[in-house]
Amino acid sequence: MAFDTFMVYAGVYPSVAAAEADYDLVKELHREAGLIDAYDAAVLERREGGKTKIVKKHETPTRVGGVLGGGVGLATGLVVALFPFAAIGGGLLAATTGGGAILGAVAGHAAAGMSRHDLKELGEYLDEGQAGLVVVAASDMGAKVERAMKRAEKLEAKQLKADTAEIEQDAKAAGAPA
642 MAFDTFMVYA GVYPSVAAAE ADYDLVKELH REAGLIDAYD AAVLERREGG KTKIVKKHET
702 PTRVGGVLGG GVGLATGLVV ALFPFAAIGG GLLAATTGGG AILGAVAGHA AAGMSRHDLK
762 ELGEYLDEGQ AGLVVVAASD MGAKVERAMK RAEKLEAKQL KADTAEIEQD AKAAGAPA
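Here the sequence shown is numbered in our numbering, starting from 642 and rising by one per residue.
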């Protein structure tokens, strides 16, 4: 297995607007570096009753999301691993059998790529704010991503190891018609 090492950046924000502003900065940073297809990001909103909704996401088209047309990448997979009933956009992504299976495959790999301690810590961390931004980026973009997430009240970085070829294979198998 050939594992790729990524960094996960999780920021806690006082509002969705602040998280979206940093999301835009992270996107611009990658566009300027010619790496627009080299990161995943998801803005999440904490609602009353503890419900979580992904309100904005960027998935790397050259990895799983683009290949399958499902728009599911490591950032979304990680958010769903942390918050299993997270709504995406107007509803649950699992509205279609294939979509739910693909999301499950990606979420499983995202969770497996981090230690249980780190996963638990990130989940608790993101529970503290009204909004969050999760970015999965190449390790060498770390300092720049951290600077772009300047509106975060708290920022945590964790390592994520993932075999992107295996994720793609599992997601394709999950999305295949039965």
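Virtual Cβ for every residue (Gly too), placed ideally from N, Cα, C.
Let me know if residue i comes out buried or exposed under the rule of 16 or more other beta-carbons within 10 Å of its beta-carbon.
i, result
"alanine 784", "exposed"
"glycine 706", "For glycine 706, the predicted structure reports a pLDDT of 42, less than 50, and the residue's modelled location is therefore unreliable. The matter cannot be settled from this model."
"arginine 688", "exposed"
"alanine 660", "buried"
"alanine 814", "exposed"
"lysine 698", "buried"
"glycine 732", "Residue confidence for glycine 732 is low, a pLDDT of 45 falling below 50, so the modelled location carries little weight; the figure read from the coordinates is stated next. Exposed, since its Cβ has fewer than 16 Cβ neighbours within 10 Å."
Would you mind working out which of the options sits nearest residue i, comparing C-alpha positions?
i, options, result
"leucine 685", "Glu673, Thr701, Arg672 and Tyr664", "Tyr664"
"valine 777", "Ala674, Gly764, Arg788 and Thr717", "Thr717"
"leucine 760", "Glu673, Asp781, Met782 and Ala798", "Ala798"
"alanine 674", "Leu715, Val786 and Ala803", "Val786"
"lysine 692", "Val721, Leu676, Leu666 and Ala779", "Val721"
"tyrosine 650", "Arg788, Met782 and Val775", "Val775"
So, at 7 Å on beta carbons, what are the nonlocal neighbours of residue i in its own chain, with the 5 sequence-adjacent residues on each side left out?
i, result
"valine 653", "Tyr766, Leu767, Glu769, Gly770, Gly773, Ala793, Glu794 and Lys795"
"glutamine 800", "Thr646 and Met648"
"arginine 788", "none"
So, at 8 Å on beta carbons, what are the nonlocal neighbours of residue i in its own chain, with the 5 sequence-adjacent residues on each side left out?
i, result
"proline 655", "Gly770, Gln771, Ala772 and Glu794"
"threonine 737", "For threonine 737, the predicted structure reports a pLDDT of 41, less than 50, and the residue's modelled location is therefore unreliable. The matter cannot be settled from this model."
For residue i and residue j, I'd like the C-alpha separation in whole angstroms.
i, j, result
"valine 657", "lysine 694", "11 Å"
"methionine 790", "tyrosine 680", "14 Å"
"histidine 671", "methionine 648", "14 Å"
"lysine 668", "glutamate 762", "25 Å"
"alanine 662", "glutamate 807", "33 Å"
"aspartate 645", "lysine 802", "6 Å"
"alanine 779", "arginine 757", "21 Å"
"leucine 666", "leucine 723", "24 Å"
"methionine 782", "leucine 715", "16 Å"
"serine 690", "glycine 764", "According to the sequence shown, residue 690 is glycine rather than serine. Roughly 16 Å between the two C-alpha positions."
Would the beta-carbon of residue i be found less than 7 Å away from any heavy atom of the ligand NAD?
i, result
"leucine 723", "Judged by which ligands are present, the structure shown has none, so any question about the ligand NAD falls away."
Between residue i and the rest of its own chain, which residues show a CB-CB distance below 6 Å, the 5 nearest in sequence each way excluded?
i, result
"glycine 710", "Interpretation of glycine 710 is limited by its pLDDT of 39, a score under 50 that renders its predicted location unreliable; no figure is taken from the coordinates."
"alanine 683", "Ile695, Lys698, Ala716, Thr717, Val720 and Val775"
Is the shortest distance between the beta-carbon of residue i and the beta-carbons of chain C less than 8 Å?
i, result
"alanine 682", "You won't find chain C in this structure, because it holds only one protein chain."
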